[in-house]
DNA sequence: GCTTTCTTTGCAAACGTGTGCATGCGTGAT
DNA sequence: ATCACGCATGCACACGTTTGCAAAGAAAGC
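Residue numbers (the numbering used here), protein chains in the order written: chain V, 16 to 357; chain A, 16 to 357.
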């Protein structure tokens with residue numbers, strides 16, 4: 016009980032065996048007698064010996080760790096996805112190494128290399144808002160290590176993807192506002208370098224076109240979705256000669272910011288202004304009036320990404336050229352902010 | 016460009032050097048000529064070689080990975096702490112392996128062993144609600160691997176700790192309600208197996224005593240802090256012959272549940288009932304009326320835990336005897352739910 | 001009793017990196 | 001010419017585990 020670390024050699028000498036026998040006993044190798052296995056496992060149980068995953072990983076060139084690279088851990092959507100991924104991986108004996116890029120492409124690139132250094136079994140990624148060059152991820156594909164993108168995915172980069180139906184989210188939100196009578200719908204969303212915002216914008220455009228409502232560039236804002244930016248954009252659109260009667264926001268933080276600003280201006284919601292947010296943040300149903308939002312089912316999305324990753328690791332998927340792209344459905348949750356009657 | 020993994024040997028033969036020279040060149044060893052270092056680094060730059068942290072970790076018995084074990088990732092408090100820890104560790108070249116126990120002591124024990132298996136440089140833990148036996152953590156101390164608990168910490172187990180001032184939080188919350196005139200203050204909180212709830216309860220008791228208000232056992236509920244449980248406890252206390260005029264809730268989810276239930280009963284807030292929550296969840300300031308809550312500064316707490324961990328790893332602060340216990344202050348954020356005037 | 005077969009175990013190499021020690025080379029002093 | 005010395009590099013082993021192969025012993029068939 017005085018050593019700092021114990022190895023299979025220690026228990027081998029203790030039992031008068033070779034370390035190979037101990038290794039095989041612990042791995043339930045069929046050529047080892049039951050008696051020996053029992054002796055080994057009994058001693059291991061009551062000792063401070065713990066399997067050294069580092070040594071095993073080196074020897075096998077196999078790892079039980081999956082990397083996860085996200086822009087920010089503490090956003091509601093992301094932390095729920097992480098929860099799901101962690102639970103699902105743990106079910107299958109895998110661990111998770113979590114890194115955050117803080118939406119900086121430089122940090123992202125650095126972390127990709129660090130994660131590769133750790134010889135992880137696979138990498139799951141949601142990119143930064145500004146990642147347009149995806150070549151730093153290619154090392155994983157060249158090394159034949161599974162790589163799965165989710166939510167924020169590369170534009171035209173060949174890779175496995177799990178994504179929400181952002182086009183449909185944008186389309187349904189805008190259509191809903193149009194059906195509620197809105198004709199001047201502002202769109203305050205994130206930078207178009209990012210896949211999800213491009214798709215939502217496309218849905219917004221198509222819905223407008225369907226209702227023969229012309230797109231007014233003055234009503235469209237794209238920037239990082241902070242509360243401050245939300246208020247700035249809000250000030251801009253409410254200063255226009257024709258005030259908007261609807262807002263489709265890129266997330267719920269923005270929707271909340273717009274709503275609070277509108278309240279200050281004395282604009283009645285939903286009668287004078289209707290608002291739709293995105294992601295169905297817990298705050299959306301708590302605020303008054305409650306905010307209509309697009310549910311993305313982040314837990315299910317995380318599970319899908321994890322399952323896809325596990326399948327890729329286990330080689331259950333033909334390793335050839337077939338790239339998998341899963342789209343998880345969204346659901347428009349209608350609340351008071353956009354409907355006179357709910 | 017056809018191999019799957021490259022090693023220092025590959026670039027050694029490419030340059031006509033030995034792998035030891037390459038290793039030393041990459042580590043900036045002083046005995047290697049600048050010319051050789053440049054040649055090595057140039058080739059490494061343009062190749063697919065990446066340092067193998069697994070092999071280095073085995074050779075050095077040193078790791079650049081810190082483990083984090085939390086009950087649930089996606090709670091606001093925890094995900095903020097994780098964000099802080101990850102950022103701080105990354106500043107110093109360390110990575111983070113995140114596991115969640117889902118508040119199950121069995122899973123926690125299992126994960127502690129898995130984390131040890133990965134030969135992490137240190138472990139940061141917030142325990143489950145029900146962990147009363149902490150012996151599964153001892154292996155880290157016996158192996159001289161830094162171990163830091165935060166928030167939910169062991170009762171009388173010798174270990175480094177970073178904790179919020181839960182006693183003060185409980186005391187100030189209750190005192191505030193008393194000062195606002197409440198005399199029948201319900202306390203709906205988490206299981207007393209968990210340190211933080213014990214401390215908050217002690218603060219609650221002391222504040223009551225200070226105002227000569229007797230503790231009414233019927234007003235005190237301890238269970239897992241879900242919304243469902245909040246409503247159940249709420250129903251119980253509002254069915255009492257003397258209705259409570261104040262509620263000190265163990266978290267904001269509970270405070271929200273109580274508030275919504277009270278609204279349904281037609282109880283006016285804050286005039287007939289005053290409510291204080293805990294953790295200052297983003298929802299607390301958004302709901303109407305906004306909820307008074309205890310800010311725990313989770314980002315600062317995470318940073319402190321990470322800094323302490325890094326100090327332990329680097330300085331090897333004599334890990335046996337001097338146990339460090341840091342208490343981060345709290346702040347009562349007064350809002351409409353508890354004050355007639357704000 | 002001898003050979004074959006099966007069961008159980010040990011030996012030694014390998015994974016990729018880091019490092020103590022030895023080695024070789026060039027320079028300058030004696 | 002010899003020696004000492006500093007500099008740059010190579011050799012070989014170690015970290016702890018897994019695994020192909022060999023081997024020893026027992027059981028079984030002739």
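Think of the CB as a built atom: it goes at the ideal place given N, C-alpha and C, for glycine as much as any other residue.
Burial state of residue i, where buried means 16 or more other Cβ atoms lie within 10 Å
i	result
residue 50/A	exposed
residue 279/V	exposed
residue 255/V	exposed
residue 266/V	buried
residue 141/V	buried
residue 93/V	buried
residue 157/A	exposed
residue 26/A	buried
residue 19/V	exposed
residue 270/A	buried
residue 243/A	exposed
residue 272/A	buried
residue 43/A	exposed
residue 6/V	As displayed, chain V neither begins before 16 nor continues past 357, which places residue 6/V out of reach and without an answer.
residue 337/A	exposed
Cut-off 6 Å between Cβ atoms - residues of its own chain near residue i, not counting five sequence neighbours on either side
i	result
residue 354/V	none
residue 176/V	164, 168 and 340
residue 95/A	313 and 314
residue 201/A	234, 252, 259 and 262
residue 104/V	81, 111 and 321
residue 307/A	291, 349, 350, 352 and 353
residue 208/V	145 and 147
residue 213/V	207
Pair within 8 Å by beta-carbon distance, residue i and residue j
i	j	result
residue 59/V	residue 41/V	yes
residue 222/A	residue 190/A	yes
residue 291/A	residue 248/A	no
residue 205/V	residue 178/V	no
residue 224/V	residue 236/V	no
residue 324/A	residue 139/A	yes
residue 228/V	residue 193/V	yes
residue 123/V	residue 84/V	yes
residue 231/V	residue 276/V	no
residue 113/A	residue 151/A	no
residue 293/A	residue 196/A	no
residue 203/A	residue 174/A	no
residue 101/A	residue 115/V	yes
N- and C-terminal bounds of the alpha helix (DSSP H) containing residue i
i	result
residue 337/A	Counting along the chain, residue 337/A falls outside any alpha helix (DSSP H), and DSSP gives it neither H nor E.
residue 191/A	181-194
residue 292/V	Careful: residue 292/V lies outside any alpha helix (DSSP H) and carries neither H nor E.
residue 163/A	Taken as a continuous stretch (DSSP letters only), residue 163/A belongs to no alpha helix (DSSP H), being part of the beta strand (DSSP E) at 162-165.
residue 211/V	210-225
residue 158/A	No alpha helix (DSSP H) contains residue 158/A, which DSSP labels as neither H nor E.
residue 28/A	23-30
residue 319/V	313-328
Other residues of its chain near residue i: CB distance less than 7 Å, five sequence neighbours each side excluded
i	result
residue 305/A	299, 350, 351 and 352
residue 54/A	30
residue 149/V	169 and 172
residue 186/A	218, 221 and 222
residue 319/V	177, 341 and 343
Own chain, CB closer than 8 Å to residue i, minus 5 neighbours either side, in chain order
i	result
residue 136/V	77, 78, 79, 80, 81, 109, 160, 161 and 328
residue 23/A	34, 37, 38, 41 and 64
Residue i: first and last residue of the uninterrupted beta strand (DSSP E) it sits in
i	result
residue 306/A	That residue, residue 306/A, is in no beta strand (DSSP E); it is neither H nor E in DSSP.
residue 202/V	200-204
residue 284/V	Note, residue 284/V: premise wrong, no beta strand (DSSP E); not H, not E.
residue 345/V	Here residue 345/V belongs to no beta strand (DSSP E), and DSSP marks it neither H nor E.
residue 139/A	137-140
Going along the chain, which unbroken runs of the beta strand (DSSP E) with 3 or more residues stay wholly within the segment 231-269 of chain A?
235-237 and 261-264
Which runs of the beta strand (DSSP E), 3 residues or longer, sit entirely within the segment 64-135 of chain A?
Whole beta strand (DSSP E) segments, 3+ residues: 80-85 and 110-115.
Tell me the start and end of each unbroken alpha helix (DSSP H) in the segment 32-61 of chain V that is at least 4 residues and wholly inside, in chain order.
34-41 and 49-61
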